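Participant: Chains as they are written, first to last, in our numbering: chain A, 105 to 223; chain B, 168 to 277. Here a beta-carbon is modelled for each residue, glycine too, at the ideal position from N, C-alpha and C. Since this is a predicted model, take the numbers as computed values, not measurements.
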Amino acid sequence: AQTVTQSQPEMSVQEAETVTLSCTYDTSESDYYLFWYKQPPSRQMILVIRQEAYKQQNATENRFSVNFQKAAKSFSLKISDSQLGDAAMYFCAYRTPNAGGTSYGKLTFGQGTILTVHP
Amino acid sequence: DTAVSQTPKYLVTQMGNDKSIKCEQNLGHDTMYWYKQDSKKFLKIMFSYNNKELIINETVPNRFSPKSPDKAHLNLHINSLELGDSAVYFCASSHRFRSAFGSGTRLTVV
Numbered sequence: 105a106q107t108v109t110q111s112q113p114e115m116s117v118q119e120a121e122t123v124t125l126s127c128t129y130d131t132s133e134s135d136y137y138l139f140w141y142k143q144p145p146s147r148q149m150i151l152v153i154r155q156e157a158y159k160q161q162n163a164t165e166n167r168f169s170v171n172f173q174k175a176a177k178s179f180s181l182k183i184s185d186s187q188l189g190d191a192a193m194y195f196c197a198y199r200t201p202n203a204g205g206t207s208y209g210k211l212t213f214g215q216g217t218i219l220t221v222h223p
Numbered sequence: 168d169t170a171v172s173q174t175p176k177y178l179v180t181q182m183g184n185d186k187s188i189k190c191e192q193n194l195g196h197d198t199m200y201w202y203k204q205d206s207k208k209f210l211k212i213m214f215s216y217n218n219k220e221l222i223i224n225e226t227v228p229n230r231f232s233p234k235s236p237d238k239a240h241l242n243l244h245i246n247s248l249e250l251g252d253s254a255v256y257f258c259a260s261s262h263r264f265r266s267a268f269g270s271g272t273r274l275t276v277v
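Given below as structure tokens:
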């Protein structure tokens, strides 16, 4: 079974600084997807960034980028120029690959990291 | 229009009652899910339906019964509610690598 581990229960960063959230996972599959989700106090699950395992290039979305190390099964999220609105719980998630062209791969989540941004 | 909508957003009920949570998605996704987020914020899959067919049932008590009348709807019925059922329940849908979540239903059993 796949597992996802976030070893940092809490992290803090100063506004405008950079912070990195860690995530490791365990799988025997070669094709899968990895995600970072943000959950603010409103509890809405917001997709931050997605990485396909077959792509060597690290995904980036504006101030958010990942460091994907497939052999090490590591998937960290870097937030640059941190803003007050980045404060939230962040979840790393693994998705099993598609089967038969459908998408019933479930998401397996890490324990979450609470990010605090100080002004 | 909300992509994945679930109702109600809040539900407070007494132990032993039966309650339902409804979910609808207008994204045309072929797969829908129920996830449970416990008091420690841990998110775990409960059920998954693909084209109205149950494909994932993750060791959930049989007091929980999902129903999918069509591809756009997935409801969750819970019988004989217990204190430990208190949690936030998220509905989600997906197609290929894209997923969308509802805003969650906070269930409190007293």
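Leaving out the 5 sequence neighbours to the left and right, which residues in its chain are closer than 6 Å to T131 (chain A) when beta-carbon positions are compared?
Facilitator: Indexing the first sequence from 1 puts residue 131 (chain A) at position 27. So the list reads Q106, once near-sequence residues are dropped.
Participant: For M182 (chain B), count neighbouring Cβ atoms within 10 angstroms of its own Cβ and tell me buried if that reaches 16, exposed if not.
Facilitator: On the second sequence, position 15 is the one that residue 182 (chain B) refers to. Flag for M182 (chain B) reads exposed.
Participant: Which residue wins for smallest C-alpha separation from Y198 (chain A), given the options A:A191, A:A192 and A:L211?
Facilitator: Position 94 of the first sequence, counting from 1, holds the residue named residue 198 (chain A). The option with the nearest alpha carbon to Y198 (chain A) is A:L211.
Participant: Please compile the residues from chain B whose C-beta is within a distance smaller than 9 Å of the C-beta of F195 (chain A).
Facilitator: By one-based count along the first sequence, residue 195 (chain A) stands at place 91. Near F195 (chain A) (Cβ distances below 9 Å), the residues of chain B are K208 and L210.
Participant: How big is the Cα-Cα spacing for L163 (chain A) and I183 (chain A)?
Facilitator: Translated into positions along the first sequence, residue 163 (chain A) becomes position 59. Translated into positions along the first sequence, residue 183 (chain A) becomes position 79. A small fix is needed here, since residue 163 (chain A) is Ala in this sequence, not Leu. Their Cα atoms are separated by approximately 12 Å.
Participant: Residues in the segment 240–273 of chain B with C-beta within 7 Å of chain A's C-beta atoms, listed in sequence order?
Facilitator: Residues passing the 7 Å Cβ filter: V255, F257, S261, H262, R263, F264, S266, F268, S270 and G271.
Participant: Just mark P233 (chain B) as buried or exposed, buried being the case when its beta carbon has 16 or more other beta carbons within 10 Å.
Facilitator: By one-based count along the second sequence, residue 233 (chain B) stands at place 66. P233 (chain B) counts as buried, since at least 16 other C-beta atoms from the protein chains shown sit within 10 angstroms of its C-beta.
Participant: Going by beta carbon distance, what residues of the same chain come within less than 7 Å of G205 (chain A), once the five residues before and after it are set aside?
Facilitator: By 1-based counting over the first sequence, the position of residue 205 (chain A) is 101. Residue confidence for G205 (chain A) is low, a pLDDT of 44 falling below 50, so the modelled location carries little weight and cannot support an answer.
Participant: Residue ranges of each alpha helix (DSSP H) run of no fewer than 4 residues wholly in the segment 140–180 of chain A, ordered along the chain?
Facilitator: Runs of the alpha helix (DSSP H) inside the segment 140–180 of chain A: none found.
Participant: Taking Cβ-Cβ distances shorter than 9 Å, what residues in chain B pair up with L211 (chain A)?
Facilitator: Here residue 211 (chain A) corresponds to residue number 107 of the first sequence, with the count starting at 1. Going along chain B in sequence order, the residues near L211 (chain A) (Cβ under 9 Å) are Y200, Y202, L210, I212, A259, S261 and S266.
Participant: Can you list, in chain order, the residues of the segment 139–156 of chain A whose Cβ is nearer than 9 Å to any Cβ on chain B?
Facilitator: F139, Y141, Q143, S146, R147, Q148, M149, I150, L151, R154 and E156
Participant: So, for S207 (chain A): in the same chain, excluding its five sequence neighbours on each side, which residues have a beta-carbon less than 8 Å away from its beta-carbon?
Facilitator: As a first step, residue 207 (chain A) must be located in the first sequence, where it is residue number 103. With a pLDDT of 43 at S207 (chain A), under the threshold of 50, the modelled position of this residue cannot be trusted; read the value that follows with caution. Cβ neighbours of S207 (chain A) beyond the five flanking positions: none.
Participant: Using a Cβ-based criterion (distance less than 8 Å to any ligand heavy atom), does S146 (chain A) qualify as near the ligand MG?
Facilitator: Inclusion of the ligand MG in the displayed structure is not the case, the ligand content being empty and no account of it being possible.
Participant: Name the chain A residues that come within less than 7 Å of S232 (chain B), Cβ to Cβ?
Facilitator: Mapped onto the second sequence, residue 232 (chain B) falls at position 65. Ordered by position in chain A, no residue passes the 7 Å Cβ test against S232 (chain B), which lies about 19 Å from the chain.
Participant: Considering only their Cβ atoms, is the gap separating K219 (chain B) from K238 (chain B) smaller than 9 Å?
Facilitator: One-based indexing of the second sequence puts residue 238 (chain B) at position 71. One-based indexing of the second sequence puts residue 219 (chain B) at position 52. Yes, the pair counts as a contact, with Cβ atoms nearer than the cut-off.
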